[in-house]
Each structure stands twice: as C-alpha cells, then as structure tokens.
Amino acid sequence: MRLFKFISFAIKSVKERRTRALLTILGIAVGPAAIVAINSMVEGYSNTILSEISGFLSPYDIVITPTGVGPSISQYVADQLSSIPGVKMGIPFYTIPALVQTPQGRSGVTIFSVNIDQLKVAAPGLSLMQGKYPPPVDYEAVAGYDFLTDYGFTAGKPVQVTLFYDGINSTKSFLISGVLNEFGSFLGVDVDKSLVVPLSFGEQFSPYFNGIILVSYSTSQVNSIVNAIKARYGDSFNIVVAEEFIKLIGNTLTSLNGLLISAGATSFVVSFMGVTTTMFTSVVERTREIGLLRALGFTRRDVMVMFLTEAFVMGLIGGGIGLAAGIIMATILTSEHFGLGFSFLKGLQVAPVFSSTFLLEAIGIAVVLSLVAALAPSYRASKQEPSIALRHD
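End of the sequence shown sits at 393 in UniProt numbering; the numbers just go up one at a time, nothing left out.
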C-alpha cells in the first residue's frame, strides 16, 4: 500500500513541475527511440536482404573460375568436376564483354553464354518480365532488365553487339526473345546489363569455359565437394560457396546492427545527465518540503524512496514514449526505402522487425538508468536535517 502512495505522490509531483519533468522525460525518450528504431530497421533490412539473396542465389551453388595458374576449364575438366560425389549438376558458362548500340550511344554489356534451363536452377530468382526463353539457337537471346528500361529494347526486337574476345572483335545480331525482371549481379556479372544466350554461342569462341557452377544435392555436401576440388586441383581454381557468402552477409549485418545500437546507446548519457540535473534541482527547490515531511514522520528511507519513485515514473513514461517514437521512426524510414547501395534492392519493400524482448529491454534500460541517475540526489535529500531544512528559504 505504501508503494502505491509513493507512486501517487510521485505522479502528483511530476504534474506540479510539468515543464521540467516533460523536458526530462523527452531526454529519457531519446535513448529508447534511437536503439529501437535502429535495431528494428537493421533487422528488417537483414531479413529482407537475406531473403532476396537466397532468392537469386541458391545455397547449393559452388562457383568455380580459373586462377590462371593451372588447368583451364575444358569440357573434360567440367565433366570431372560435375562427377564429384554430391554434385547434382555442373553448369559451365562464358562471359564475353561487348558493346551495344543504343539511342544514347554505345554502352558496355556482357554476353552471358550458358544453358539457360540449368541457370534457372542455380539462380532461382531469375524470371521473365516479357516474352519467352529462347530455344538453343545462336541467334536468340534473353535481355537483361536494363535493355528494356534504359535502352528501349523489347521482346521481338533485334539487337546488334560488338564482341571482344581474345583480342578479336566481331559483330553479332540477336533477336530478343524475352526480357528478364530486375535481378542485379550474379557471378560478378550485372545480369540487368547482359544478354543471356545459349552455351553453344560461347563454344564458337573457345573450348575453355570462363567458369562453372556446381549445384550440390544438399548444403551438407558443399564442404566435401570443395575439399574434393582442392584435393584434386589444389589452388588452380577460385571457389566461391554461395552458402558461405549468405552467412557472411548475415554476420556483417549483425555486426552492423551491434555497432549502430552501440552508437545510439550513447544517447542514454543525455538521459542520465538530464535526470540527475532535474533531481538535484528538485531537491534544492523542495528543501522546506523535505523538512516538513521529516517533521511529520517521514524517515530518511521514505524521503529517498519518494525521489527514486519520481525518477522511476519519469523513466517509465520516457521509455514508453521512446518506444512509440522508435516504432514510428522505423516504420516511416523503411517505407521511404533508401536502397543501401544494392542494385537488387531497388523498390524493395522492407518491414521493420520489432522484438518484444528487445522493446522490454529498451524500456527497462531507460528505467534503470533513471533510477541510477537519481540515486545521488535522492541520497542527498534523505540526509537533510528537518530543523535546517525548515529554515531554508
């Protein structure tokens, strides 16, 4: 019952000094607002980015490219790699730099020569915006997203490109059978600025592939496949494991979240100083009141609890306001998507993630810091002698 009386007394005191209390409460709210907004936005972006990466890059993929030291990837080597236990399929490919003539002038693009049906297995996020995938003939191609949006090429239109391979320039015309949806980069190739053509087209230029994608049956077999490649070929190939890349992105985003929360947590210093200053000022202003309360029977402990309860109430209100502000900020900022510099995030809808545990921790930190900040002023108030306090002007 005494606790409720202290809380009622604290609320009344806060109302009587509403201007100063409001400023203190707003100062307390800054900390929770900052860390809640940061954490929920980064978690939202993390979930969305990892989901998008998993959509266009399968965790079963192992990408192999020659280092230039050791064997090149011939059909024989590709067959050997594809026959490693645990490999579902091998997808060799060529990447050929080229220039395309557009209404704006010549622009650099890439000819991505690969078995398109197999590529869709390795890159499940690949999809058509218009048209259809071409048959395995050398004169039809699927154009990347930018061919439509930037260059004006649509399905059914021809496109002429100048190819550069091993110091030889040649001109080739393709019929665009379809246009891909926006995709981003894959294997270091900007698919949005690429013409995807059948594998047979690249085979006209060289018997050696630029790389091969191995698709494993399961993620548990990826390490054994990589070890088998290294045991057979040593350091002859660059090996990129999609699953490790996804984990790396996840770990990086987690570290970024921790760093940003640490930076945002410094705003709690403002809360601490604000509560301390307010409580010290309150003790000075209420010296006569403290003396009167002591004369009426309040113990030193009662006086200290009274001031700590005021700090608790302000911390609780400030923490609650901070949570609401953080949630609103995160919702607004994620709706005004900033893209984070990733091409595959253009126009992406990101939903902030609010963890009930984190929200409770944020408001708990605000309350605890308010109580800690009020300890010294409360202790000072409890040490006031009634006779001296009553004579205070």
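Don't be surprised by glycine CBs; every beta carbon is placed ideally from N, CA and C.
The alpha-carbon of Asn39 is positioned some 44 Å away from that of Thr299. Gly70 and Val77 have their C-alpha atoms spaced approximately 12 Å apart. Each of Leu22, Gly27, Ala37 and Ile25 was checked against the Cα of Ile328, and the nearest Cα belongs to Ala37.
At a cut-off of 4 residues, the continuous stretches assigned as alpha helix (DSSP H) that sit fully inside the stretch 171–247 are 199–203 and 222–233. In this structure, Phe354 keeps its C-beta atom at 7 Å or more from the C-beta atom of Gly31. Within the same chain, Met304 come within 7 Å of Tyr379 by CB-CB distance, once the 5 residues on both sides are set aside.
Scanning the stretch 85–169 for uninterrupted alpha helix (DSSP H) segments of 4 residues or longer gives 116–122 and 145–149, listed from N- to C-terminal end. Between the alpha carbons of Asp61 and Thr254 lies a distance of about 24 Å.
Here Phe4 is exposed. Its C-beta has fewer than 16 other C-beta atoms within 10 Å. Listed as beta-bridge partners of Val63 by DSSP are Ile213 and Val240. Taking 7 Å as the cut-off, the beta carbon of Ala34 is found closer than this to the beta carbon of Gly264. Ranked by how close their Cα comes to the Cα of Gln104, the residues Gly315, Gly152, Leu259 and Ser194 have Gly152 in first place.
According to the DSSP assignment, Val303 belongs to the alpha helix (DSSP H) that extends over Arg300 to Ser335. Each residue's CA atom was taken as its position, placing Val372 and Asp190 some 55 Å apart. Nearest C-alpha to Pro59 among Ser236, Pro66 and Ser51: Ser51. Leu81: member of the alpha helix (DSSP H) spanning Gln75 to Ser82, first to last residue. Taking C-beta atoms as the reference points, Ala242 and Gly44 fail to come closer than 7 Å.
When rounded, the separation of the alpha-carbon atoms in Gly125 and Val215 is 15 Å. For Val353, the secondary structure class from DSSP, reduced to helix, strand or coil, is coil. Inter-segment contact for the stretch 76–94 and the stretch 276–284 is absent: fewer than three beta-carbon pairs are separated by less than 8 Å.
The residues Val270, Ser271 and Gly274, in chain order, have a CB closer than 6 Å to that of Gly27 in the same chain once the five nearest residues on each side in sequence are set aside.
Between Leu199 and Val161 the beta-carbon gap is near 17 Å, outside 8 Å, which marks them as no contact. DSSP places Lys12 within a helical segment (H, G or I) once states are collapsed to three. Here the C-alpha atom of Gly156 lies approximately 12 Å from the C-alpha atom of Leu148. When the Cα atoms are used, Gly320 and Arg18 turn out to be separated by approximately 17 Å. One Cα belongs to Lys383, the other to Ser46, and the distance between them is close to 52 Å. Burial state of Ala376 is exposed, judged by a 10 Å Cβ sphere holding fewer than 16 other Cβ atoms.
DSSP, read as helix, strand or coil, puts Pro32 in helix. Relative to Ala10, the option among Gly297, Ala295 and Ser282 whose CA is nearest is Ser282. When secondary structure is reduced to three states using DSSP, Lys5 falls in the helix class. Exclusion of the five residues before and after Asn238 leaves Thr65 and Thr67 as the residues of its chain whose Cβ lies within less than 6 Å of its Cβ. Residue state for Arg380 is assigned as helix, using DSSP reduced to three classes. In the three-state DSSP reduction, Ser370 falls in the helix class (H, G or I).
Residue burial is scored here from C-beta neighbours: Gly234 has fewer than 16 other C-beta atoms within 10 angstroms and is therefore classed as exposed. Using a C-beta cut-off of 8 Å, the stretch 85–92 makes no contact with the stretch 131–140, since fewer than three inter-stretch Cβ pairs fall below that distance.
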